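Here's the structure we're looking at; comments come further down.
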Amino acid sequence: MTLDPFYLIVDDASWLERLLPVGVKLVQLRVKDRPESEIRAQIRAARGHCERYGAQLIVNDYWRLAIEERCDFVHLGQEDLGGADLSALRENRVRLGVSTHDQAELDLALALSPDYIALGPIYPTLLKQMKFGPQGLDRLGEWRRRCGATPLVAIGGLTPERARLCLAAGADSACVVTDILRNADPEARTREWLQATADRRG
Numbered sequence: 001m002t003l004d005p006f007y008l009i010v011d012d013a014s015w016l017e018r019l020l021p022v023g024v025k026l027v028q029l030r031v032k033d034r035p036e037s038e039i040r041a042q043i044r045a046a047r048g049h050c051e052r053y054g055a056q057l058i059v060n061d062y063w064r065l066a067i068e069e070r071c072d073f074v075h076l077g078q079e080d081l082g083g084a085d086l087s088a089l090r091e092n093r094v095r096l097g098v099s100t101h102d103q104a105e106l107d108l109a110l111a112l113s114p115d116y117i118a119l120g121p122i123y124p125t126l127l128k129q130m131k132f133g134p135q136g137l138d139r140l141g142e143w144r145r146r147c148g149a150t151p152l153v154a155i156g157g158l159t160p161e162r163a164r165l166c167l168a169a170g171a172d173s174a175c176v177v178t179d180i181l182r183n184a185d186p187e188a189r190t191r192e193w194l195q196a197t198a199d200r201r202g
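According to full-length UniProt numbering, the residues represented by the sequence shown are 1 to 202, in order.
Here's what the structure looks like:
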């Protein structure tokens, strides 16, 4: 499969009303610490927005709700893999992305034959405290060789300029959260990301 080189993560479906019209085509909904009814409503709203604008939606963590809401892509962190029914995902033709941070996690991810593997953080990140240090571009190149044909996503501390470096180092897609969501003008920053990754977009 082919991933868009610009991969946006949002923490609320309302962002999609603002940013999908700008041209985003690959987005993950990562909602935390809300009641299941709210999360289901968020997934349902995000799916509607993505269908309207022809964007690929990836649901973070909530694989059961993703299946029930007829979504076709989920992303799981290493801590979530153990509790996920991967057979159910396959039976429902739901694609899978997996986070990795070190060699052992990469080996585990590759054994699952996921639809993409994410490596991070590439650079220091403000989003959350990580027990893993920045991986850097050299590690990204090493992961590219190990992943073979499996798409590789770079995440963590990225800007449009750093995204270009990650794509040049072997990433298929560059992922962003805070650089857009905490920007004073998210729409303008999204356009900068789209421009920075345009030469990788077919």
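Idealized CB from N, CA, C, for every residue including glycine.
No experiment lies behind these values; they were computed from the predicted model shown.
Check: So, helix, strand or coil for Arg-95, using DSSP?; Outcome: strand
Check: When you compare each of Tyr-62, Leu-20, Asp-61 to Ile-180 by their alpha carbons, which one comes out closest?; Outcome: Leu-20
Check: Whose CA, out of Arg-52, Arg-162, Met-1, Ala-169, lies closest to the CA of Thr-125?; Outcome: Arg-162
Check: Looking only at its own chain, which residues have a Cβ that is under 6 angstroms from the Cβ of Arg-144, when we skip the five neighbours before and after it?; Outcome: Leu-152, Gly-170
Check: Write down every uninterrupted run of the alpha helix (DSSP H) in the segment 125-156 whose length is 4 residues or greater and which is fully enclosed by it, in chain order.; Outcome: 136-147
Check: Using only CA atoms, which one of Tyr-116, Asp-102, Gly-148 lies nearest to Gly-133?; Outcome: Asp-102
Check: Is the distance from the Cβ of Gly-54 to the Cβ of Leu-194 below 8 angstroms?; Outcome: no
Check: According to DSSP, what are the bridge partners of Ala-174?; Outcome: Phe-6, Ala-154
Check: Are Gly-157 and Ile-122 touching if we call contact CB-CB under 8 angstroms?; Outcome: yes
Check: For Glu-192, which residues of its own chain have a beta-carbon under 7 angstroms away from its beta-carbon, when the five flanking residues on both sides are left out?; Outcome: Pro-160
Check: Leaving out five residues before and five after Glu-187 in sequence, what residues of the same chain have Cβ atoms less than 8 angstroms from its Cβ?; Outcome: Arg-18, Leu-19, Val-22
Check: Counting C-beta neighbours from all protein chains within 10 Å, is the total for Ala-154 16 or more, i.e. buried, or is it exposed?; Outcome: buried
Check: Comparing alpha-carbon positions, which option in Asp-172, Arg-52, Thr-190, Thr-150 lies nearest Thr-178?; Outcome: Thr-190
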